[in-house]
Structure formats: structure tokens, C-alpha cells
Amino acid sequence: MTIPVQIILNGQQISIGEILRLTPEISGNPDVPDWEKELYLFLNEWFSDSDFVLAQTSGSTGEPKLIELPKSIMIKSAERTIEYFGLQPGDKLLHSLPCRYIAGKMMAVRAIVGQMNLIAVDPASDFNFLQNESFDLAAMVPNQVFKLLEQPSGKSKLQNIRNLLVGGSAISTALEAQISQLSTRVVSTYGMTETASHIAIRDLSGSFKSDYYHCLPGISVNLNEAGCLQIYLPEFGEPLQTNDLADVQSETSFRILGRADSVIISGGIKFSPELIEKKLEGLISERFIISSVPDEKLGEKLVLVIEGKPYSTKTLEQQLAELLPSFEQPKAIVFLDKFQETASGKIIRKAP
118 MTIPVQIILN GQQISIGEIL RLTPEISGNP DVPDWEKELY LFLNEWFSDS
168 DFVLAQTSGS TGEPKLIELP KSIMIKSAER TIEYFGLQPG DKLLHSLPCR
218 YIAGKMMAVR AIVGQMNLIA VDPASDFNFL QNESFDLAAM VPNQVFKLLE
268 QPSGKSKLQN IRNLLVGGSA ISTALEAQIS QLSTRVVSTY GMTETASHIA
318 IRDLSGSFKS DYYHCLPGIS VNLNEAGCLQ IYLPEFGEPL QTNDLADVQS
368 ETSFRILGRA DSVIISGGIK FSPELIEKKL EGLISERFII SSVPDEKLGE
418 KLVLVIEGKP YSTKTLEQQL AELLPSFEQP KAIVFLDKFQ ETASGKIIRK
468 AP
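Add 117 to the 1-based position in the sequence shown for the numbering used here, that's all there is to it.
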């Protein structure tokens, strides 16, 4: 395996030697923002003699942990993405995600492997430069896309990105509806740290818009006995077992139903809280989750947990009764000042 020995960063070709020289200087400078330090620290790690990169998992395949991710797997993932989206040497990639997560690391790897120009910006950017600059590939989390679309010029900015990957957390129905109106290609990604980013994509715009994820070439999936997704990659000797409940349409097409470790059993019925939450998205403006508390009769009972200060829920209760079948209706509504979050910003689910 030959790892390319340079990167084109912000239009400048930078060698391994320059990366190794610049990293201590940049990482020790208090005036350099964290996102830029993280990028150089990752590049320093990537161009090291090690065959692995240290990466934090999100918990898709078990408890979150630090793993050694082979560079060979990261290169293979980058090659798949480059081929799938028809990227060419010299194309421009927008790097707008922190390198402490796999999505940020992989955008840098794609640029290196494909000899493309990586334009690195602050993840909290207002993206005003998109008014006059175009990109061949970018990756964002849903909140970045949401904030962009709130801007009067947000739609035109996003349409200066030829291929936009959206992942990291769930995409709301309302946001997906807005995305579907864009002329650029926008896809939702499914993947994890262990697979070096996405293994499947779901089109959110254009004529190929779909409710199902479609595997990238060479990758297939099936379900285990518990209904959780298993992923088969040629470079893996064994299938990768996830904790994601899925509906598999074919060996290369599936949709995610929820997490096996968040399933609630109430009155002998299994509930996937994510599916109920999807139905309630347009109803509640605050962040919320469906959770459960112990119940003598049902074992567990469904509760709706809303983030923020308490308010009268009489109208909301009526709306819930109209929207949900009786067995899915929360038996109580509770308020929590603030949800606990993982390092990547996902809500930690637990009984209130």
C-alpha cells in the first residue's frame, strides 16, 4: 500500500516534511483555532510511519471507544467515494467538520488519495464564501445545513456544492423537505468510525430521492436474528455487526428503524422511540425524545421528555391523541432543563 506523500491544502501543495514541521508550531499556538490544530494533528498522524490512526467510535457497534483504524481501510473508503461521485484530481473539497471525528478525518484522506484541493474552514463558519466559490464535494452535519437554509442566500450557497454529504445525526422531516428543493445533489450518509465513514447513501434531492440507503459498490448488508444490520465489506474478514435495527429491502438497500439499545418494551409491545419521534417532529419546537419510566402494570411506560422550561401541555396532549395510535401515545410528558450529549452532540437517552 502506497500512501500519497503530500496534500493540497487551501491551494498550496504541502509535503510530509512541511506537515511535520508545522504541526508543533500550530498546535502550540494559542491564537490558532482548535479546528485548525485538529486538522494538522491528524495530518501529522496520517503521514506518520504507523499503519493505524486512532479514532473515537460513536457507539454504533457497541460502547463508544478509541480504536486503531487501519489506514488501508480509510484509503479504500476514500477510493469508493471518489469513484462513486466521479471526483477527479484537482477537484475542490470543502472541509468543514472537526478532525476529531471520522467525517473530518475522511475528508482530508479523500483529498490526499484523490490529489484534490482541500479547502479547510471553521465548522462554525457562516459559509459566505459559498456565494462566489464552488466545490465538488462537501460534508456537513444537519445543523450546519439548517443554519445555512435560514439565511436568505442559503439555498444559492448550497447549490454551489456539486455533491453534499449530510450525516452525523438524524435529519428532520422539515429539513429534508427543504433539501429536496435544492438543485445540487444532496445525500444522507450511513456509516460509522469502524467502516471509515459512509458505506451507503440515500439521495435527498433530485430524481433519485429515496427513503432507502443504497450501498456503495462492493458492499452488502443483511440482518442478524435480532433484526440488526450486518455490514459486509470486502476488506473485512467478518461481517460488522451494528446495533441499528433495519428494514432490508435487498442485500444493497435498507432503511434504519432505530437503535436496538433504545428499544422500549411496554405492555409486551416493542417500541422504537426514533419512529415515534419522527411522527412528532412538526409538533414540538423544542428538542425532545421518547423515553420510558418503570410502571407496575406495563413494566415500562412511554414518556415524552422535552428540553427546556415547563409549560402547559393541554394542547399538546390533544394533538398527540389525534396524531398517534393509543398504544404509541406517551403516558406522561416531562421536562428536563438540558439533555446530556455525547462528544459528537447526540442526545444521551436515559430515563428522566
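Glycine included, C-beta positions come from ideal geometry on N, C-alpha and C.
Run of the alpha helix (DSSP H) containing residue i, from where it starts to where it stops
i: F263; result: 259 to 267
i: I143; result: 133 to 144
i: V122; result: No alpha helix (DSSP H) holds V122; DSSP gives it neither H nor E.
i: A438; result: 431 to 440
8 Å Cβ shell around residue i - same chain, five flanking residues per side excluded
i: I386; result: F444
i: D412; result: S383, K418, K448
i: T290; result: K395, E398, G399
i: K182; result: Q173, T174
Test item: CB-CB of residue i and residue j under 8 Å
i: I136; j: N161; result: yes
i: E424; j: L453; result: yes
i: K463; j: S286; result: yes
i: I401; j: V422; result: no
i: L299; j: Q276; result: yes
i: L321; j: N280; result: no
i: Q210; j: L171; result: The sequence given here places Leu at residue 210; Gln does not occur at that position. Not a contact, by the Cβ cut-off of 8 Å.
i: D239; j: W152; result: yes
i: A237; j: L126; result: yes
i: P215; j: Q232; result: no
i: F164; j: I133; result: yes
i: S429; j: V420; result: no
i: E352; j: I190; result: yes
Spatial neighbours of residue i in its chain, beta-carbon cut-off 7 Å, leaving aside the 5 residues before and after
i: L139; result: Y157
i: R372; result: D328, Y329, Y330, A363, D364
i: L292; result: P259, V262, F263
i: S177; result: With a pLDDT of 49 at S177, under the threshold of 50, the modelled position of this residue cannot be trusted, and the question is left open.
i: L265; result: F244, G271, K274, L275
i: S389; result: L362, L374, G375, V380
i: P356; result: Q347, I348, Y349
i: F202; result: L254, N280
Secondary structure of residue i, DSSP reduced to three states
i: S189; result: helix
i: T359; result: strand
i: Q205; result: coil
i: I407; result: strand
i: A225; result: helix
i: A449; result: strand
i: Q129; result: strand
i: D151; result: helix
i: E196; result: helix
i: I465; result: coil
i: L160; result: helix
i: M118; result: Because the pLDDT of M118 is 49, which lies under 50, any placement of that residue in the model is unreliable, and the number read from its coordinates should be weighed accordingly. Here M118 sits in coil by DSSP.
i: G211; result: First, the residue type needs correcting, since residue 211 is Leu and not Gly in the sequence shown. Here L211 sits in strand by DSSP.
Run of the beta strand (DSSP E) containing residue i, from where it starts to where it stops
i: L111; result: Residue numbering for the chain in the displayed model covers 118 to 469; residue 111 lies beyond these limits and cannot be assessed.
i: F169; result: 169 to 173
i: L235; result: 234 to 237
Neighbourhood of residue i by C-beta, 6 Å cutoff - its chain only, sequence neighbours within 5 removed
i: D192; result: Looking at the sequence shown, residue 192 is not Asp but Ile. The answer, listed in chain order, is V230.
i: R217; result: E155
i: T306; result: L282, G284, H315, I318
i: N197; result: One detail in the question is off: residue 197 reads as Arg in this sequence, not Asn. L333.
i: G221; result: L214, P215
Residue i CB to nearest heavy atom of the ligand COA below 7 Å
i: E424; result: The ligand COA is not part of the structure shown, which contains no ligands of any sort.
Which runs of the beta strand (DSSP E), 3 residues or longer, sit entirely within the segment 250 to 322?
Considered as a whole, the segment 250 to 322 harbours 254 to 257, 280 to 283, 302 to 309, 314 to 320 as its complete beta strand (DSSP E) runs of no fewer than 3 residues, in chain order.
Complete runs of the alpha helix (DSSP H) confined to the segment 330 to 400 [at least 4 residues]:
Under the rule that a run must span 4 or more residues, the alpha helix (DSSP H) segments found entirely inside the segment 330 to 400 read 390 to 397.
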